[in-house]
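Worksheet: one structure, shown below.
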Amino acid sequence: MTRRAAGLAGLVAVLLGGCMVGPKYKKPSAPVTPAYKEMDGWKTAQPSDHLPRGQWWTVFGDSELNALEEQIAAANQNLRIAEARLRQARALVRFNRAALFPTISASAGASAVRDSGNRPFLTPNASAIPGIGHGATGDLLFGLDMSYEIDLWGRVRRTVEAARHEAQATAADLETARLSLQAELALDYFELRATDAQKQLLDETVKAFTAALRLTTNRFEGGAAPKSDVAQAQTQLDTTKAQATDVTVQRAQLEHAIATLIGKPPAAFSLSPRPLATQPPDIPVGMPSQLLERRPDIAAAERRVAEANQQIGIAKAAYYPTVMLNASVGFEGSSFGNLFNASSLLWSVGASITQTIIDGGRRRATSDAAIAAYDATVAGYRQTTLSAFQQVEDNLAALRILEQEAQEQRRAVQSAELSLQLFTNRYRGGVDNYLQVITAQTVTLANQRNEIDILRRRMDASVLLVKAIGGGWDVAALSSAAK
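Below, the structure written as structure tokens:
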């Protein structure tokens, strides 16, 4: 008897647990190189040397930027959309997990039916219900019903796993959105500070050109210079004033963009002018293989590959029969007085097996579609990885080359300023005409503006590099994402 009971218990366990049809998930390979092409001379990340977890923007050392970044999480509406989608995905996990348990429902009802006394084949001695009369029947019913699908082939379990993988992917989508918004804010901020630097330079140049106009006017009035010198100086001054006014348009638009990112109306937000003076920080990059763990978009793509793999198993399970257990228990009586008597007890227990025999190829088509979807997600995962490597390489190259260009541009600015000073002195001494001064002014201003623009591009490349390596995020954050 003991062996028989043990065998029966084992059979029940097998029936309830079932098996899993379909392929087991294996993380697809991704194209990885041992090192970045543009890493020559770059600082490699060490275990104790990494970007701050979450608050990666603090590496720039700008307190105003830090304060702005802190406001994104609570106020940005696009981020709230992504958070709502994550909550929705987590709810779907719980919804699908409920199929692992029996469904129990309760019902209660009361009914009375009076038949017509003139109906055909009326039984002469039909019983009567008090207050209703002959030919009447009544019924009181209270019951509990239970239904349960035995997950023999793993369809339900794979559905739950698919929902869990989607929730993890959605959590990674949220982090991708968060990182993108944080990076966009940093880019807009440094762009705005660069326009402040351009405005400061142009305002100082306007003052210098005003003094140059005064010099040409005095020389003209003294008969030492022609009227054309005054006209050229006036043109140069007015052109520079127009440039100084023009940069304020871009600054206003950038300020409005920052306000929107932190969830404020543009009219209620402003930033005081402060020229860009920050230098790009040292950013530890790490190895290419670590990028697969640091990029939330790569993690999302990989989780969707796992989800697509589960969908293949779900499609395969459709080839096998569905086994259902059903049970009900309750009481039925003719009045409240006898409803709960022992003789009013009713119950039923049963099982059913359903197998589709002919479906016109629907299951095969579903299976083929699931396999094709899996292949597409694998390709998407690999493409996302390749794009990530490209972004890292692009910004590593940009930072390396722009650093060299900044040094060259600094020397060009110094040479242009010296040339302007020399030509201005020669003009004062009557050695050269004013055209030489105009040319030197134009060249100097162009080089000074280009120097500011190179610094802006270096800061942008720094932000984009941080974004390309995933900020301070790590794939371990997904371990609890589907709960």
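Take the sequence shown: its letters are residues 1 to 483, numbered as in our numbering. Glycine included, C-beta positions come from ideal geometry on N, C-alpha and C.
One or two residues paired with residue i in a DSSP bridge
i: N326; result: S147 and G350
i: V113; result: T137
i: A82; result: Its beta-bridge partners do not exist; DSSP assigns none.
i: I358; result: According to DSSP, which records beta bridges pairwise, I358 is partnered with nothing at all.
i: T103; result: S147
i: G333; result: L140
i: A242; result: Answer is none; A242 lacks a bridge partner.
i: L345; result: F331
i: A108; result: F142
Close Cβ partners of residue i (< 8 Å) along its chain, the five nearest in sequence each way excluded
i: Y374; result: V305, A308, N309, Q311 and I312
i: L435; result: Q232
i: F95; result: A163
i: T210; result: L237
i: T485; result: The question about residue 485 has no answer here: the residues shown for the chain are numbered 1 through 483.
i: C19; result: L152, W153 and G154
i: I381; result: Residue identity check: residue 381 is Tyr in the sequence provided, not Ile. Excluding positions up to five away in sequence, the list reads P28, A30, I298, A301, E302, R304 and V305.
i: I132; result: Unreliable positioning characterises I132 in this predicted model, as indicated by a pLDDT of 48, which lies under 50. The coordinate reading is nonetheless provided below. Cβ neighbours of I132 beyond the five flanking positions: A112, R114 and G138.
Sequence-distant residues of the same chain with beta carbon closer than 6 Å to residue i, five excluded per side
i: A351; result: L325
i: Q448; result: L201 and V413
i: M146; result: P102, I104 and A327
i: I258; result: D188
i: R85; result: T170
i: Y148; result: P102 and L325
i: A315; result: T366, S367 and A370
i: A197; result: P275, L276 and I452
i: A110; result: L140
i: L464; result: N395
i: A212; result: A233
Nearest-angstrom Cβ-Cβ length linking residue i and residue j, presumed shorter than 8 Å
i: T278; j: D62; result: 6 Å
i: D203; j: R219; result: About 25 Å; that fails the 8 Å criterion.
i: A491; j: R90; result: The chain is shown only over 1 to 483; residue 491 falls outside these bounds and no answer can be derived.
i: V93; j: A172; result: That belief does not hold up - the Cβ atoms of V93 and A172 are roughly 15 Å apart, past 8 Å.
i: Y319; j: R363; result: 6 Å
i: A186; j: L65; result: 6 Å
i: G472; j: W56; result: 5 Å
i: A99; j: T159; result: 7 Å
i: I353; j: V323; result: 5 Å
i: D297; j: T384; result: 6 Å
i: E69; j: R400; result: Not really, about 26 Å apart at Cβ, beyond 8 Å.
Host alpha helix (DSSP H) of residue i (start-end)
i: N218; result: R155 to E221
i: M459; result: Y434 to A468
i: I314; result: P296 to A317
i: L276; result: No alpha helix (DSSP H) contains L276, which DSSP labels as neither H nor E.
i: T66; result: Looking at the sequence shown, residue 66 is not Thr but Asn. S63 to E69 is the span of the alpha helix (DSSP H), which, as asked, contains N66.
i: A35; result: First-last for A35: undefined, no H or E at that position.
i: A98; result: Element bounds for A98: n/a, residue is neither H nor E.
i: A73; result: I72 to A75
Sequence-distant residues of its chain with Cβ nearer than 7 Å to residue i (five each side left out)
i: N338; result: S344
i: F60; result: T278 and P281
i: I469; result: V285, G286, L291, R294 and V392
i: S289; result: V32
i: L144; result: I104, A106, S328, V329 and G330
i: A13; result: Its pLDDT being 48, under 50, A13 is placed unreliably in this model, and the value from its coordinates should be taken loosely. Excluding sequence neighbours, A13 sits near nothing in its chain.
i: E417; result: T444
i: A177; result: N78, L79 and A82
i: D420; result: The residue you asked about is not Asp; residue 420 is Leu in the sequence shown. Here the set comprises A440, Q441 and T444.
i: E191; result: L254 and R456
i: I454; result: L402, E405, A406 and Q409
i: T217; result: V230
i: G429; result: none
i: V21; result: W153, G154, G313, K316, A317 and Y320
i: I438; result: Q232 and Q236
i: A476; result: none
i: N450; result: Q409
i: A388; result: L291, R295, I298 and A468
i: V349; result: A327
i: Y25; result: A306 and N309
i: E161; result: Q310
Do the region 66-80 and the region 178-195 meet, that is, are 3 or more Cβ pairs less than 8 Å apart?
The answer is yes - the region 178-195 touches the region 66-80, with three or more Cβ pairs under 8 Å.
How do the region 329-340 and the region 137-145 stand: do at least 3 beta-carbon pairs fall below 8 Å, yes or no?
They touch, by the three-pair rule.
Just checking, does the region 424-431 make contact with the region 147-165 on the three C-beta pairs under 8 Å criterion?
Counting Cβ pairs under 8 Å, fewer than three are found: no touch.
So does the region 442-460 actually touch the region 402-410, counting three or more Cβ pairs closer than 8 Å?
With a cut-off of 8 Å on Cβ pairs, the region 442-460 is in contact with the region 402-410, counting three or more such pairs.
Using 8 Å as the cut-off, can you tell me whether the region 247-258 makes contact with the region 269-276, which would need three or more C-beta pairs spanning the two stretches below that distance?
Counting Cβ pairs under 8 Å, three or more are found: they touch.
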